[in-house]
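Peer 1: Below is one structure. I have some questions about it.
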DNA sequence: AGAGTTGCTATACTAAAGGATACTAGTATA
DNA sequence: TATACTAGTATCCTTTAGTATAGCAACTCT
């Protein structure tokens with residue numbers, strides 16, 4: 065249709081296509097990653113702030129997910145040497161760019177829900 | 065347009081935003097849904113064709129995933145009264161539109177991989 | 001008769017994801 | 001001394017996702 069040549073080429077090779085999509089999928093799938101990324105889209109947050117934002121998450125899961133997101137370079141963790149210690153989490157540039165993906169997902173999700181209800 | 069205003073409003077409400085994204089995410093997450101959708105993007109397929117396309121999938125998983133995708137109105141199942149019986153799976157309009165989401169995911173996945181390797 | 005095709009299902013299992021609850025160190029405040 | 005705050009860990013348990021292997025009915029082909 066009207067996509068860049070580079071992306072057209074990737075699509076031609078369905079294996080590469082699926083691999084790239086899987087990379088993205090792995091980064092955002094699971095129960096808590098979207099709520100965390102969603103919260104951080106509004107600005108940097110501390111551990112307890114995230115825990116308050118995401119009502120039902122346990123510290124174990126929050127800690128685990130934050131570590132994974134950091135490993136995948138989606139978020140950046142900064143420790144401040146204050147008393148008490150202060151740890152801030154924020155999206156990296158790459159992490160922030162996920163909102164394009166999320167926007168595509170919102171659009172599809174809304175449209176699909178309408179289609180399903182109207183049929 | 066009515067649609068774009070609606071979508072803008074949803075984005076402002078982070079809870080709705082996350083719910084809509086989750087709808088989409090639930091439809092495509094898991095180990096086998098992308099390979100199945102990816103295969104069907106190239107046209108309708110029969111059960112055994114899908115099984116051959118997706119080398120490592122067991123019939124149990126293929127059957128399970130196809131049922132889920134059908135329930136979510138992503139694919140349509142058609143049984144032909146031939147001998148031997150012939151069952152064809154194809155993407156619905158809604159299912160086909162998922163490629164916009166997948167395209168956004170490919171773009172991000174490729175770019176992210178480059179960023180991570182170059183740092 | 002025996003083997004092969006199609007489109008599955010049944011049963012039993014392992015692995016991964018997630019939850020519940022309690023706990024830690026270091027510091028500050030009451 | 002007891003309590004509370006920060007940012008997490010440790011341990012154990014349950015639930016969900018996925019795997020392995022076998023089998024079935026209804027046919028066709030050799």
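Residue numbers (the numbering used here), protein chains in the order written: chain A, 65 to 183; chain B, 65 to 183.
The beta-carbon is built from N, C-alpha and C at its ideal position, and this holds for glycine as well.
None of these values were measured; they are calculated from a predicted model.
Taking just the CA atoms, how far does residue 108 of chain B sit from residue 152 of chain A?
Peer 2: So the alpha carbons of these two residues sit roughly 49 Å apart.
Peer 1: Give me the residue from B:92, B:93 and B:117 with the minimum Cα distance to residue 103 of chain B.
Peer 2: It is B:117 whose Cα lies nearest to the Cα of residue 103 of chain B.
Peer 1: Can you list, in chain order, the residues of its chain with a C-beta nearer than 8 Å to that of residue 96 of chain A? Leave out the 5 residues immediately preceding and following it.
Peer 2: Hits under 8 Å: 118, 121, 125, 126 and 129.
Peer 1: Might you give, ordered along the chain, the residues of its own chain that have their beta carbon closer than 8 Å to the beta carbon of residue 65 of chain A, omitting 5 neighbours on each side?
Peer 2: Note that residue 65 of chain A scores a pLDDT of 48, beneath 50, so its modelled location is shaky; the value from the coordinates is reported in the next line. No residues qualify anywhere along the chain.
Peer 1: Check whether the segment 141–156 of chain B and the segment 143–159 of chain A are in contact - that is, three or more C-beta pairs closer than 8 Å.
Peer 2: Not touching, per the Cβ criterion.
Peer 1: For residue 175 of chain A versus residue 168 of chain B, is the C-beta spacing smaller than 9 Å?
Peer 2: No; because the gap between Cβ atoms is not below 9 Å, this pair is not in contact.
Peer 1: What residues in its chain sit with their C-beta under 6 Å from that of residue 133 of chain A, if we drop five residues either side in the sequence?
Peer 2: Contacts found: 139.
Peer 1: Under 7 Å Cβ-Cβ, which residues of chain B neighbour residue 172 of chain A?
Peer 2: Here the neighbours are 88, 161, 162, 164 and 165.
Peer 1: Listed in chain order, which residues of the segment 110–137 of chain A have Cβ atoms closer than 7 Å to some Cβ of chain B?
Peer 2: Against chain B - using a Cβ distance shorter than 7 Å - the residues of the segment 110–137 of chain A are 137.
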